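Undergrad: These protein sequences, in sequence, are chains A and B.
Note that the numbering used here has the first sequence beginning at 7, numbered continuously upward.
Note that the numbering used here has the second sequence beginning at 70, numbered continuously upward.
Note that beta-carbon positions come from the ideal geometry of N, C-alpha and C, so glycine has one too.
Keep in mind the model is a prediction, meaning the values are calculated, not measured.
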Amino acid sequence: MDWNLWLPNLWKATVETLYMVGISTIFTIILGLPLGILLVVTDRKGLLPLPLLNTIVGAIVNIGRSLPFIILLVVVIPFTRLVVGTTIGSTAAIVPLALAAIPFFARVAESGLREVDKGLVEAAQAMGCTNRQIISKVLLPESMPSLILGVALTIISLISYSAMAGAIGGGGLGDLAIRYGYQRFETEVMIITVILLIILVQGIQILGNKLAQKVSKK
Amino acid sequence: MIEISHLSKVYRQGENELAALNDVSLTIPSGEIFGVVGVSGAGKSTLIRCVNLLEKPTSGSVRVDGIEMTGLKFHELREARKKIGMIFQHFNLLSTRTVSGNIAFPLEIDGISKKDRQEKVQELLSLVGLSDKADAFPAQLSGGQKQRVGIARALANNPRLLLSDEATSALDQQNTSSILSLLRDLNQRLGLTILLITHEMEVVKQICDRVAVLKEGRVLETGKVQQLISNPKSHISQAFFPPFEKILPNPSTLQTAITFIGPIADQPVLSSLAKKFDLEANIIGGSIQSISGSRIGRLHVVLGGQRTNEALNYLRGLGLLVEVY
Ligand SMILES: Nc1ncnc2c1ncn2[C@@H]1O[C@H](COP(=O)(O)OP(=O)(O)O)[C@@H](O)[C@H]1O
Ligand SMILES: [Mg+2]
Numbered sequence: 007m008d009w010n011l012w013l014p015n016l017w018k019a020t021v022e023t024l025y026m027v028g029i030s031t032i033f034t035i036i037l038g039l040p041l042g043i044l045l046v047v048t049d050r051k052g053l054l055p056l057p058l059l060n061t062i063v064g065a066i067v068n069i070g071r072s073l074p075f076i077i078l079l080v081v082v083i084p085f086t087r088l089v090v091g092t093t094i095g096s097t098a099a100i101v102p103l104a105l106a107a108i109p110f111f112a113r114v115a116e117s118g119l120r121e122v123d124k125g126l127v128e129a130a131q132a133m134g135c136t137n138r139q140i141i142s143k144v145l146l147p148e149s150m151p152s153l154i155l156g157v158a159l160t161i162i163s164l165i166s167y168s169a170m171a172g173a174i175g176g177g178g179l180g181d182l183a184i185r186y187g188y189q190r191f192e193t194e195v196m197i198i199t200v201i202l203l204i205i206l207v208q209g210i211q212i213l214g215n216k217l218a219q220k221v222s223k224k
Numbered sequence: 070m071i072e073i074s075h076l077s078k079v080y081r082q083g084e085n086e087l088a089a090l091n092d093v094s095l096t097i098p099s100g101e102i103f104g105v106v107g108v109s110g111a112g113k114s115t116l117i118r119c120v121n122l123l124e125k126p127t128s129g130s131v132r133v134d135g136i137e138m139t140g141l142k143f144h145e146l147r148e149a150r151k152k153i154g155m156i157f158q159h160f161n162l163l164s165t166r167t168v169s170g171n172i173a174f175p176l177e178i179d180g181i182s183k184k185d186r187q188e189k190v191q192e193l194l195s196l197v198g199l200s201d202k203a204d205a206f207p208a209q210l211s212g213g214q215k216q217r218v219g220i221a222r223a224l225a226n227n228p229r230l231l232l233s234d235e236a237t238s239a240l241d242q243q244n245t246s247s248i249l250s251l252l253r254d255l256n257q258r259l260g261l262t263i264l265l266i267t268h269e270m271e272v273v274k275q276i277c278d279r280v281a282v283l284k285e286g287r288v289l290e291t292g293k294v295q296q297l298i299s300n301p302k303s304h305i306s307q308a309f310f311p312p313f314e315k316i317l318p319n320p321s322t323l324q325t326a327i328t329f330i331g332p333i334a335d336q337p338v339l340s341s342l343a344k345k346f347d348l349e350a351n352i353i354g355g356s357i358q359s360i361s362g363s364r365i366g367r368l369h370v371v372l373g374g375q376r377t378n379e380a381l382n383y384l385r386g387l388g389l390l391v392e393v394y
């Protein structure tokens, strides 16, 4: 095995993974969090009960979550072209990655927000808070530890999804492992990429735990 | 201060209807501490939540300071709520905010400037005796301290009315007493009207001027605590002084329950009675309680002798309440 040849490959793949996962995480939070809030707020027992909207959004989220990622990857190709102007490469992979993670994170955020003690919302209402204030000053800060852990969980899922991005030429560590390790029987490459992925996942989880603990004052 | 009339609240769950409140009418005078007492499920929480409309009444009217709460638009209701403080059994403090942050919360909501907020928070901290805990988080406080934070927060907008939903029910004896004396103190110093609900007679006994007994969504009785307690037929009196059992009938003796109110409870009435009418006065049960500062006692006495009827009249003449079994 020629280290000089594929060390740059390893570096490139790592950057691709970080790029795909990083950008799709940002979009996932920007779009998934409001969706999670919407699911909580429009619930029958929520701040602003809108059962019909709640059911529709809930159904869409469920559909998004039940689609296997590899299928989603292909199904959204036309949409990907519309958004980023290309259907292959790391940037193109970001679209399906975010689309898969948004409903996932929406549910994770929803359950985190639901954990907030009903009594706190009631106290805020008794003080004359608007719904907007309740969301921004009560629900979000109080569920922050859960939300941070939810983001870590989502990033880890995205790392795992991103291994399939090779199917549309997205590259990344998972792709490297498959191409060298599986297709060319270069076992060392596979092992090293897998170790890198494990370190990445562990790192994210530890970071998430630390941050959540720091934010939680319970 | 609060005028509740013909208030009803019906919860619907599918086919079932549950009348949590049934035609409740109460008047809570300004400057008083008004207790609503009843067992769990009586509708107490529902009642207090109808006052600031956390719960929407099914019918009836709730007036606070002359304002009909049920008729307010949403933004009017929010403004009205800012003038009504509320404290809770489980405190409901924001865990991610410090004590100061929690107390500042309603001020923030009201758009008060940071500098004014800090000033007001300092004042409230010293009012509830927590100046040294300003930067602590709720998780670092005892139950009694948490409730003090709750009280400070409830008073931030200078309300004239405080609603208390079982505020001492999660506290031990000692903390309960200290929170109750704080409430009494605030009531006297700030002229704060307090509507408190509780399932504990002790709370009524310690601080309430007036009380209503709620059962299955209805008001059984209401009035001044002192008056109710001196009426042996009232629920309040019976809660403090459980009815005496009738003991073995002896035709030559008279079983009586004698209620003493005020200073006379401290005088040796019975021994002088025994001498005066040449009786045997046998105390077989009873207790003396201190209620809102005045003493009320109720004794179960068996009188034996020739002049028992004379003795009873004498006791009544002294202003004691005498019942014969
Ligand atoms: N949101 C609700 N939906 C249905 N029933 C309720 C609801 N809130 C309270 N109840 C019922 O109303 C009755 C009175 O409850 P509550 O006011 O909480 O009593 P208390 O505070 O005296 O214990 C109870 O039977 C309770 O089960
Ligand atoms: Mg209750």
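Nearest to residue 193 (chain B) by alpha carbon, out of B:206, B:167, B:142, B:221?
TA: B:221
Undergrad: Where in the region 123–196 of chain B do unbroken runs of the beta strand (DSSP E), each at least 3 residues long, occur, reported from the N-terminal end onward?
TA: 128–133, 153–157
Undergrad: Please confirm whether any heavy atom of ligand 1 lies closer than 7 Å to the CB of residue 114 (chain B).
TA: yes
Undergrad: How would you write the range of the beta strand (DSSP E) that residue 234 (chain B) sits in, first residue to last?
TA: 230–234
Undergrad: Any heavy atom of ligand 1 closer than 7 Å to the Cβ of residue 107 (chain B)?
TA: Yes - ligand 1 has a heavy atom lying nearer than 7 Å to the Cβ of residue 107 (chain B).
Undergrad: Pairs of beta-carbons, one from the region 70–87 of chain B and one from the region 115–135 of chain B, closer than 8 Å: are there three or more?
TA: yes
Undergrad: If you measure beta-carbon to beta-carbon, which residues of the region 107–127 of chain B are closer than 7 Å to chain A?
TA: Result list: 121, 123.
Undergrad: Name the chain A residues whose beta carbon is nearer than 8 Å to that of residue 408 (chain B)?
TA: What the structure shows of chain B is the stretch from 70 to 394, and residue 408 (chain B) is not part of that stretch, so it cannot be assessed.
Undergrad: So, at 6 Å on beta carbons, what are the nonlocal neighbours of residue 29 (chain A) in its own chain, with the 5 sequence-adjacent residues on each side left out?
TA: Cβ within range, chain order: 100.
Undergrad: Inspect the beta-carbon positions of residue 227 (chain A) and residue 141 (chain A) and report whether they are closer than 8 Å.
TA: It is not possible to answer for residue 227 (chain A), since the shown part of chain A is limited to 7 through 224.
Undergrad: From residue 65 (chain A) to residue 303 (chain B), what distance separates their C-alpha atoms?
TA: 58 Å
Undergrad: Check each candidate in A:193, A:11, A:25 and name the one with the smallest Cα separation from residue 161 (chain A).
TA: A:25
Undergrad: On a Cα-Cα basis, can you pick out the residue from A:173, A:195, A:174, A:175 that is closest to residue 183 (chain A)?
TA: A:195
Undergrad: Taking 7 Å as the cut-off, is the C-beta of residue 54 (chain A) nearer than that to any heavy atom in ligand 1?
TA: no
Undergrad: List the residues of chain A that residue 178 (chain B) touches, going by C-beta distances under 7 Å, in chain order.
TA: 133, 134, 135, 139
Undergrad: Starting from the beta carbon of residue 208 (chain B), find every residue of chain A whose beta carbon is closer than 8 Å, and list them in chain order.
TA: 223, 224
Undergrad: Residues in the region 158–183 of chain B with C-beta within 9 Å of chain A's C-beta atoms, listed in sequence order?
TA: 158, 159, 160, 161, 162, 163, 164, 165, 166, 167, 174, 175, 177, 178, 179
Undergrad: Let me make sure I understand the geometry here. Which of A:153, A:123, A:127, A:114 has the alpha-carbon closest to that of residue 217 (chain A)?
TA: A:153
Undergrad: May I ask which residues mark the beginning and end of the alpha helix (DSSP H) holding residue 186 (chain A)?
TA: Unbroken run through residue 186 (chain A): none, as it is neither H nor E.
Undergrad: So which residues on chain B does residue 125 (chain A) lean against when the C-beta distance must stay under 9 Å?
TA: For residue 125 (chain A), the residues of chain B that pass the 9 Å Cβ criterion are 157, 158, 159, 160, 161, in the order they occur in the chain.
Undergrad: What separation, rounded to the nearest whole angstrom, lies between the Cα atoms of residue 88 (chain B) and residue 111 (chain B)?
TA: 10 Å
Undergrad: Is residue 256 (chain B) helix, strand or coil when you go by DSSP?
TA: It is helical.
Undergrad: Given this structure, state the Cα-to-Cα distance separating residue 140 (chain B) from residue 121 (chain B), to the nearest angstrom.
TA: 12 Å
Undergrad: Tell me whether residue 166 (chain B) is buried or exposed, calling it buried when 16 or more other Cβ atoms sit within 10 Å of its Cβ.
TA: Buried.
Undergrad: Just to check, is the beta-carbon of residue 269 (chain B) closer than 7 Å to a non-hydrogen atom of ligand 2?
TA: no
Undergrad: So that I know if they touch, is there some Cβ in chain A lying closer than 8 Å to that of residue 151 (chain B)?
TA: yes
Undergrad: Taking 8 Å as the threshold (beta carbon to beta carbon), is residue 148 (chain A) in contact with chain B?
TA: yes
Undergrad: Rounded to whole angstroms, what is the Cα-Cα separation between residue 193 (chain A) and residue 16 (chain A)?
TA: 14 Å
Undergrad: In angstroms with no decimal places, state the Cα-to-Cα distance between residue 180 (chain A) and residue 172 (chain A).
TA: The alpha-carbon atoms of residue 180 (chain A) and residue 172 (chain A) are separated by roughly 8 Å.
Undergrad: Compare the beta carbon distance of residue 234 (chain B) and residue 117 (chain B) with 8 Å and say whether it is the shorter of the two.
TA: Yes, they are a contact pair.
Undergrad: With residue 395 (chain B) as the anchor, note down where its beta strand (DSSP E) starts and where it stops.
TA: This structure gives no information on residue 395 (chain B), because the portion of chain B shown stretches from 70 to 394.
Undergrad: Report the rounded CA-to-CA distance for residue 122 (chain A) versus residue 125 (chain B), giving the unit in angstroms.
TA: 23 Å
Undergrad: Say whether chain B places a C-beta atom closer than 8 Å to the C-beta of residue 19 (chain A).
TA: no
Undergrad: Taking CB distances under 8 Å as the criterion, tell me whether residue 47 (chain A) reaches chain B.
TA: no
Undergrad: By the 10 Å Cβ neighbour count, where 16 or more other Cβ atoms means buried, how is residue 38 (chain A) classified, buried or exposed?
TA: buried
Undergrad: Should residue 314 (chain B) be listed as close to ligand 2, given that the test is whether its C-beta is under 7 Å from any heavy atom?
TA: no
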